[in-house]
Amino acid sequence: MRIADKAVLITGANRGIGKALVEEALRRGAKRVYAGTRQPLTHLDGRVTPLILDVTN
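Everything in the sequence shown is counted per this note's numbering, starting at 22 for the first residue and increasing by one.
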């Protein structure tokens, strides 16, 4: 899937597969990455926008 210049939403972004997906989306040129986490998240790349959310239910 081509995501260059697109906005993406990734849940579970503070660890594991979610964290790896954030990095891959940035590597592939995503314009904005909305990173869903349960705890506050900071990222050095300005294209990452952290969102505190819980999608378990």
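Every residue gets a Cβ at the ideal spot worked out from N, C-alpha and C, and that includes glycine.
If we call anything under 9 Å between Cβ atoms a contact, is LEU62 one with ASN35?
Taking 9 Å as the Cβ cut-off, LEU62 and ASN35 qualify as a contacting pair.
Using alpha carbons as the reference points, say which of MET22, GLY57 and THR77 lies closest to ARG49.
The candidate whose alpha carbon is nearest that of ARG49 is MET22.
Do you know whose CA, among LEU42, ARG53, GLY57 and LYS40, lies nearest ASP26's CA?
Looking at the Cα atoms, ARG53 is the closest of the given residues.
Alpha carbon to alpha carbon, how far is GLU44 from ILE24?
The alpha-carbon atoms of GLU44 and ILE24 are separated by roughly 13 Å.
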